[in-house]
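**Q**
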Amino acid sequence: MFQFKGSDILHGSQFSRPDLECLMDVADDFRKRVEDHQVMDLLRGTVMAALFFEPSTRTRLSFETAMQRLGGSVVGFSSAESTSVAKGETLSDTIRTVDQYVDLIAMRHPAIGSAAEAAGVAQAPVINGGDGAGQHPTQAMLDLFTVRQELGKTDGITLALCGDLKNGRTVHSGVEIYKHFGIRLIFVAPEALMMPAEVTDRLRVQGVEFEETTDLEAAVRKADALYMTRIQKERFSDLAEYERLKGAFILTREMVESLNPRLVTLHPLPRVNEIATDVDSMAGAAYFRQARNGVFVRMALIALVMGKV
Amino acid sequence: MFQFKGSDILHGSQFSRPDLECLMDVADDFRKRVEDHQVMDLLRGTVMAALFFEPSTRTRLSFETAMQRLGGSVVGFSSAESTSVAKGETLSDTIRTVDQYVDLIAMRHPAIGSAAEAAGVAQAPVINGGDGAGQHPTQAMLDLFTVRQELGKTDGITLALCGDLKNGRTVHSGVEIYKHFGIRLIFVAPEALMMPAEVTDRLRVQGVEFEETTDLEAAVRKADALYMTRIQKERFSDLAEYERLKGAFILTREMVESLNPRLVTLHPLPRVNEIATDVDSMAGAAYFRQARNGVFVRMALIALVMGKV
Amino acid sequence: MFQFKGSDILHGSQFSRPDLECLMDVADDFRKRVEDHQVMDLLRGTVMAALFFEPSTRTRLSFETAMQRLGGSVVGFSSAESTSVAKGETLSDTIRTVDQYVDLIAMRHPAIGSAAEAAGVAQAPVINGGDGAGQHPTQAMLDLFTVRQELGKTDGITLALCGDLKNGRTVHSGVEIYKHFGIRLIFVAPEALMMPAEVTDRLRVQGVEFEETTDLEAAVRKADALYMTRIQKERFSDLAEYERLKGAFILTREMVESLNPRLVTLHPLPRVNEIATDVDSMAGAAYFRQARNGVFVRMALIALVMGKV
Numbered sequence: 034m035f036q037f038k039g040s041d042i043l044h045g046s047q048f049s050r051p052d053l054e055c056l057m058d059v060a061d062d063f064r065k066r067v068e069d070h071q072v073m074d075l076l077r078g079t080v081m082a083a084l085f086f087e088p089s090t091r092t093r094l095s096f097e098t099a100m101q102r103l104g105g106s107v108v109g110f111s112s113a114e115s116t117s118v119a120k121g122e123t124l125s126d127t128i129r130t131v132d133q134y135v136d137l138i139a140m141r142h143p144a145i146g147s148a149a150e151a152a153g154v155a156q157a158p159v160i161n162g163g164d165g166a167g168q169h170p171t172q173a174m175l176d177l178f179t180v181r182q183e184l185g186k187t188d189g190i191t192l193a194l195c196g197d198l199k200n201g202r203t204v205h206s207g208v209e210i211y212k213h214f215g216i217r218l219i220f221v222a223p224e225a226l227m228m229p230a231e232v233t234d235r236l237r238v239q240g241v242e243f244e245e246t247t248d249l250e251a252a253v254r255k256a257d258a259l260y261m262t263r264i265q266k267e268r269f270s271d272l273a274e275y276e277r278l279k280g281a282f283i284l285t286r287e288m289v290e291s292l293n294p295r296l297v298t299l300h301p302l303p304r305v306n307e308i309a310t311d312v313d314s315m316a317g318a319a320y321f322r323q324a325r326n327g328v329f330v331r332m333a334l335i336a337l338v339m340g341k342v
Numbered sequence: 034m035f036q037f038k039g040s041d042i043l044h045g046s047q048f049s050r051p052d053l054e055c056l057m058d059v060a061d062d063f064r065k066r067v068e069d070h071q072v073m074d075l076l077r078g079t080v081m082a083a084l085f086f087e088p089s090t091r092t093r094l095s096f097e098t099a100m101q102r103l104g105g106s107v108v109g110f111s112s113a114e115s116t117s118v119a120k121g122e123t124l125s126d127t128i129r130t131v132d133q134y135v136d137l138i139a140m141r142h143p144a145i146g147s148a149a150e151a152a153g154v155a156q157a158p159v160i161n162g163g164d165g166a167g168q169h170p171t172q173a174m175l176d177l178f179t180v181r182q183e184l185g186k187t188d189g190i191t192l193a194l195c196g197d198l199k200n201g202r203t204v205h206s207g208v209e210i211y212k213h214f215g216i217r218l219i220f221v222a223p224e225a226l227m228m229p230a231e232v233t234d235r236l237r238v239q240g241v242e243f244e245e246t247t248d249l250e251a252a253v254r255k256a257d258a259l260y261m262t263r264i265q266k267e268r269f270s271d272l273a274e275y276e277r278l279k280g281a282f283i284l285t286r287e288m289v290e291s292l293n294p295r296l297v298t299l300h301p302l303p304r305v306n307e308i309a310t311d312v313d314s315m316a317g318a319a320y321f322r323q324a325r326n327g328v329f330v331r332m333a334l335i336a337l338v339m340g341k342v
Numbered sequence: 034m035f036q037f038k039g040s041d042i043l044h045g046s047q048f049s050r051p052d053l054e055c056l057m058d059v060a061d062d063f064r065k066r067v068e069d070h071q072v073m074d075l076l077r078g079t080v081m082a083a084l085f086f087e088p089s090t091r092t093r094l095s096f097e098t099a100m101q102r103l104g105g106s107v108v109g110f111s112s113a114e115s116t117s118v119a120k121g122e123t124l125s126d127t128i129r130t131v132d133q134y135v136d137l138i139a140m141r142h143p144a145i146g147s148a149a150e151a152a153g154v155a156q157a158p159v160i161n162g163g164d165g166a167g168q169h170p171t172q173a174m175l176d177l178f179t180v181r182q183e184l185g186k187t188d189g190i191t192l193a194l195c196g197d198l199k200n201g202r203t204v205h206s207g208v209e210i211y212k213h214f215g216i217r218l219i220f221v222a223p224e225a226l227m228m229p230a231e232v233t234d235r236l237r238v239q240g241v242e243f244e245e246t247t248d249l250e251a252a253v254r255k256a257d258a259l260y261m262t263r264i265q266k267e268r269f270s271d272l273a274e275y276e277r278l279k280g281a282f283i284l285t286r287e288m289v290e291s292l293n294p295r296l297v298t299l300h301p302l303p304r305v306n307e308i309a310t311d312v313d314s315m316a317g318a319a320y321f322r323q324a325r326n327g328v329f330v331r332m333a334l335i336a337l338v339m340g341k342v
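Chains as they are written, first to last, in the working numbering: chain A, 34 to 342; chain B, 34 to 342; chain C, 34 to 342.
#1: Around the Cβ of A:K266, are there at least 16 other Cβ atoms within 10 angstroms (buried) or fewer (exposed)?
#2: Under 8 angstroms Cβ-Cβ, which residues of chain A neighbour C:L302?
#3: So B:S106 contacts chain A; which residues on that side make the cut at Cβ distance below 7 angstroms?
#4: Name, please, each residue of chain A whose Cβ falls closer than 7 angstroms to the Cβ of B:V135.
#5: Going by the CB atoms, is the gap between C:L299 and C:L334 shorter than 8 angstroms?
#6: Give a yes or no on whether 8 angstroms exceeds the smallest Cβ distance from A:V328 to chain B.
#7: Would B:K212 be called buried (16 or more neighbouring beta carbons within 10 Å of its own) or exposed?
#8: Counting C-beta neighbours from all protein chains within 10 Å, is the total for B:N306 16 or more, i.e. buried, or is it exposed?
#9: What number of angstroms, rounded off, separates the C-alpha of B:A60 from the C-alpha of B:L302?
#10: Alpha carbon to alpha carbon, how far is B:M140 from B:L218? Give it in angstroms, no decimals.
#11: For A:E250 and A:R202, what's the separation of their Cα atoms in angstroms?
#12: To which residues does DSSP link C:Y260 through a beta bridge?
#13: Nearest to A:R322 by alpha carbon, out of A:D271, A:L76, A:V180 and A:G280?
#14: Could you tell me which uninterrupted beta strand (DSSP E) segments, each at least 3 residues in length, are contained entirely in the region 213 to 260 of chain C, listed from first to last along the chain?
#15: Grab me the residues of A:V80's own chain with a C-beta within less than 6 angstroms of its C-beta, minus the 5 sequence neighbours each way, in chain order.
#16: Compute the Euclidean distance between the alpha carbons of B:S206 and B:Q36, then round it to the nearest angstrom.
#17: For C:S106, write down the residues that DSSP places opposite it in a beta bridge.
#18: Is the Cβ of A:V338 closer than 8 angstroms to any Cβ of chain C?
#19: Which residues in chain A sit within 7 angstroms of B:V80, going by Cβ to Cβ distance?
#20: Listing by chain order, which chain A residues have their CB less than 8 angstroms from the CB of C:A157?
#21: Give me the DSSP bridge partner(s) of A:H70.
#22: Quick one: does C:R77 have its CB under 8 angstroms from some CB of chain B?
#23: Shortest alpha-carbon distance to A:E290 belongs to which of A:D132, A:R254 and A:L337?
#24: Quick one: what does DSSP say A:G189 is sitting in, helix, strand or coil?
#25: Touching or not, the region 120 to 132 of chain B and the region 147 to 155 of chain B, by the rule of three or more beta carbon pairs under 8 angstroms?
#26: Measure the C-alpha to C-alpha separation of B:G317 and B:N326 and round it to an integer number of angstroms.
#27: Go through the region 105 to 185 of chain B residue by residue and report every complete run of the alpha helix (DSSP H) that reaches 4 residues or more, in order.
#28: Taking just the CA atoms, how far does C:H169 sit from C:I42?
#29: At the 8 angstroms Cβ level, is B:F110 part of the contact set with chain A, yes or no?
#30: In whole angstroms, what separates the C-alpha of A:Q47 from that of A:V221?
#31: Grab the span of the alpha helix (DSSP H) containing C:K279 for me, first residue to last.
#32: Consult DSSP for A:I42 and reduce its assignment to one of helix, strand or coil.
#33: Looking only at DSSP bridge pairs, what is A:F85 linked to?
#34: Need the endpoints of the alpha helix (DSSP H) that C:Q323 sits in, please.
#35: Compare the beta carbon distance of C:F96 and C:G39 with 8 angstroms and say whether it is the shorter of the two.
#36: Measure the alpha-carbon distance for A:F86 versus C:E122 and round it to whole angstroms.
Put into structure tokens, the structure is as follows:
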């Protein structure tokens, strides 16, 4: 089993199913304690650096809340502008300096591989909070946790992933994790934004059940849970094509009610318009609960990495 | 009586005199404890989001200090630039996400009604820290508290409000509150920046004693306390008019010494030049003590809203 | 002896040798406690403002970590943009307001004398975290502490200071402190960037042993410790001169190995290229440990100033 204590958390592929089951069990325990208003001080005296070299209020606040709910404290920054990077310092030197101050580093950086580079020079564990088009493992963990919480299990369920599957960091980290859990996958995207062949080839080798489609309605009908992501206009060279397609990848209340009223809907947020707001009040609309789960999963991960559970 | 516990704090008009007496009594108790260096942990384990969609160091630091003095912790941001608003997210979605993380939201936003909108979607209580030209109820509360602390009472005192009464958010929130406290009001402003008729009409209906004048010296002579605010150049279409008037609305030491040496002077800060700096050392210059009172009043409000007193 | 409790920390010249020995002893005690994972709450209930009117992630994070490791909490800002300075408020008014909120102020500001100005109006102790081309006393303290930790003593050692000695704030604060400790100094700089005559004149009067050279290799050979700083291109009117000189002031591994393998190397960081990265893995490369020492020294200073040790 993965030795969480003292380890860097860089990539979804680091974890086996038992590792993730353990993480989710701890997260669910913390959820109960938070909802029960228990004051926790597992991490009193521990300092985490939240180094956000690009803005991400959502992920930053989630990590900071997680650390503080455990009784720990936080230092950091929320954009690269105010850092020594502006004075010509290398990432490696910045990390090595902050590493002298703190017990744990959570970071987001626009460059692929930056978290691994940081982990290579820091003594403190590094948690990757997103490295550009690379990985975002805590998002994948909280997505899986939400599926488990909402459906009560993972084995045998059908999860549809919809949106820009070609470029989506979240879905790439996700499939590295879902594949262990007996989850059938449906990839829903316009032809131009289908899951890359290297991903689907790997899934085939690993014997993961999946199908691909351009038809959101068909996927809604079949899926137990639908993970919506945004289709970004800037990915299309042909704007007319974008305009034609985008309507086909918007989830509406009518669609859910007529095709699959029990559908559980997830979204990494922020959304723009790919889930109509009248879906929000449906029982299966889980995307804000998913944001909440992010705090519990990050609490669990921080506590495990610091050797406190 | 107002049920503070679990409530949103949006508007000065929400509160009756007993509500505000209760708040001020708690604030004064907290003042004593802070001055006595007592460590408080009423809010240990509680997390507040300080969401400042526009910069306001003063109000943000005051809220954050208040929360930390109670033993709680804070996450947040100090400008909208680093938020998902930049990615096209609605205010409602931003608030609903943060609401999943924290126990309490204090916010400032440039749009009138934004705090009410946030309160409409958040489960956590929302405290309005200023919504554009709308309300700023905690400022009004701390102003009242300062009058009470400085003069020992509110009934029967005369409070002059001077400056841009037409556009001033602070004074509009203030009159909603002062009217319950037996305070006689003097409105001092250039003709063009007088208190709007809808405000004065309402005061007449409610039987509040007030008068209007363009003569600061006359007001200084009559008042027990003077609340100075800034006259903003940009409000004048005729700059010559501005230049002519502005001198008439600057408080000097000479004016106070010759007309009313016991005058208590308040100001929401930051000031530019509407109170000469040689007033600062006078016994009645209460504006920095007023800033201090802001922490105690916000501590009281947070503790009441969280059901901890 | 200097009365730390309640005092402002503005300038290296405030301290005698016993003052600094005391500070370093406390810092070393805190180092042991942190390395032993002891949770400290000496400053529970105490709030520090970290007012950074210009960005300095390194110094800000070091102060904030120090405060939090002592159990205290922090409010503040990391650039002047989001402050009331933008609304025309004077530094004095900003400080007097924040002074009402907190128990201690740590600040950085681009103007020489700004920390002294702040100390003049604040009741809370002010710690100067750098005032433009003026002083940066906590940097000088942590540099001295690092020399003592690395070499086990200060008396009789030879410390070479290399770089822009004419303009370097760090080295100017440093000599105010090193002179008490029986340290022989070597100043290494291009002719144009030599230590100013007023500094060397003062050292002569005080009987401090020093020499000046333009030859880095000679200094490396003689020194026990070398304090490298950056030579800034913008200081040269003649760029050809800069290009010619800069190579002569870059420390390489080959230089250290061939001339003085036991050399202890310091640097205030961030570095650009004045220490080659292959020096980093040498036993004497102390610059990241120096950053770590900064937290312990600031913890000691904060605890002393707050009267908690």
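Positions of the beta carbon are idealized from the N, C-alpha and C atoms, including for glycine.
**A** In short, the structure shows the following:
#1: The residue given as residue 266 of chain A occupies position 233 in the first sequence. Result: exposed.
#2: As a first step, residue 302 of chain C must be located in the third sequence, where it is residue number 269. Neighbours of C:L302 on chain A, chain order: S117, E122, D126 and T130.
#3: Along the second sequence, one-based indexing puts residue 106 of chain B at 73. Per Cβ cutoff of 7 angstroms: Q101.
#4: Looking up residue 135 of chain B in the second sequence gives position 102. Those are T98, listed as they occur along chain A.
#5: For the purposes of this step, residue 334 of chain C is taken as residue 301 along the third sequence, with counting starting at 1. For the purposes of this step, residue 299 of chain C is taken as residue 266 along the third sequence, with counting starting at 1. Not closer than 8 angstroms, so no.
#6: In the first sequence, residue 328 of chain A corresponds to position 295, counting from 1. So, interface residue.
#7: As a working note, residue 212 of chain B is residue 179 in the second sequence. Classification of B:K212: buried, given that the 10 Å Cβ count is 16 or more.
#8: Taking the first residue of the second sequence as 1, we reach residue 306 of chain B at position 273. The residue in question, B:N306, is exposed, as its Cβ has fewer than 16 Cβ neighbours within 10 Å.
#9: The count along the second sequence starts at 1 and reaches residue 60 of chain B at position 27. The count along the second sequence starts at 1 and reaches residue 302 of chain B at position 269. For B:A60 and B:L302, the distance between alpha carbons rounds to 20 angstroms.
#10: Walking along the second sequence from the start, residue 218 of chain B turns up at place 185. Walking along the second sequence from the start, residue 140 of chain B turns up at place 107. The straight-line gap from Cα to Cα measures roughly 30 angstroms.
#11: Indexing the first sequence from 1 puts residue 250 of chain A at position 217. Indexing the first sequence from 1 puts residue 202 of chain A at position 169. Roughly 24 angstroms between the two C-alpha positions.
#12: Residue 260 of chain C sits at position 227 when you count from the first residue of the third sequence. Paired residue(s): C:L194 and C:L299.
#13: The residue you call residue 322 of chain A lines up with position 289 of the first sequence. It is A:V180 whose Cα lies nearest to the Cα of A:R322.
#14: 217 to 221 and 243 to 246
#15: Mapped onto the first sequence, residue 80 of chain A falls at position 47. Cβ within range, chain order: S106, V135 and D136.
#16: Counting from one through the second sequence, the residue named residue 206 of chain B turns up at place 173. Counting from one through the second sequence, the residue named residue 36 of chain B turns up at place 3. Rounded to the nearest angstrom, the two C-alpha atoms are 20 angstroms apart.
#17: Along the third sequence, read from residue 1 onward, the residue named residue 106 of chain C stands at position 73. For C:S106, which the question treats as bridged, DSSP gives the partners C:V80.
#18: Position 305 of the first sequence, counting from 1, holds the residue named residue 338 of chain A. Cβ-Cβ to chain C under 8 angstroms: no for A:V338.
#19: Along the second sequence, read from residue 1 onward, the residue named residue 80 of chain B stands at position 47. Chain A residues near B:V80: T98, Q101 and R102.
#20: Here residue 157 of chain C corresponds to residue number 124 of the third sequence, with the count starting at 1. Correct list: empty, because the minimum Cβ distance to chain A is about 21 angstroms.
#21: Position 37 of the first sequence, counting from 1, holds the residue named residue 70 of chain A. According to DSSP, which records beta bridges pairwise, A:H70 is partnered with nothing at all.
#22: Locating residue 77 of chain C in the third sequence gives position 44, counting from the first residue. Closer than 8 angstroms to some Cβ of chain B, the Cβ of C:R77 qualifies, so yes.
#23: Counted from its first residue, the first sequence places residue 290 of chain A at position 257. When each option's Cα is compared against that of A:E290, the closest is A:R254.
#24: Counted from its first residue, the first sequence places residue 189 of chain A at position 156. Three-state result, A:G189: coil.
#25: yes
#26: On the second sequence, residue 317 of chain B is found 284 positions in, with the first residue counted as 1. On the second sequence, residue 326 of chain B is found 293 positions in, with the first residue counted as 1. In a straight line, the C-alpha of B:G317 is about 15 angstroms away from that of B:N326.
#27: 124 to 134, 147 to 154 and 170 to 184
#28: Your numbering for residue 42 of chain C matches position 9 in the third sequence. Your numbering for residue 169 of chain C matches position 136 in the third sequence. So the two alpha carbons sit approximately 10 angstroms from each other.
#29: As a first step, residue 110 of chain B is located in the second sequence; it is residue number 77 there, counting from the start. Judged by the 8 angstroms Cβ criterion, B:F110 is in contact with chain A.
#30: Translated into positions along the first sequence, residue 47 of chain A becomes position 14. Translated into positions along the first sequence, residue 221 of chain A becomes position 188. Distance between the alpha carbons of A:Q47 and A:V221: 26 angstroms.
#31: By one-based count along the third sequence, residue 279 of chain C stands at place 246. Taken as a continuous stretch (DSSP letters only), the alpha helix (DSSP H) holding C:K279 covers L272 to K279.
#32: On the first sequence, residue 42 of chain A is found 9 positions in, with the first residue counted as 1. If DSSP states are grouped into helix, strand and coil, A:I42 belongs with the strands.
#33: Taking the first sequence and counting its residues from 1, one reaches residue 85 of chain A at position 52. For A:F85, which the question treats as bridged, DSSP gives the partners A:R141.
#34: By 1-based counting over the third sequence, the position of residue 323 of chain C is 290. Y320 to V338 is the span of the alpha helix (DSSP H), which, as asked, contains C:Q323.
#35: Counting from 1 along the third sequence, the entry for residue 96 of chain C is found at position 63. Counting from 1 along the third sequence, the entry for residue 39 of chain C is found at position 6. Cβ distance not < 8 angstroms, so C:F96 and C:G39 don't count as in contact.
#36: Along the first sequence, one-based indexing puts residue 86 of chain A at 53. Along the third sequence, one-based indexing puts residue 122 of chain C at 89. Computed Cα separation, rounded: 30 angstroms.
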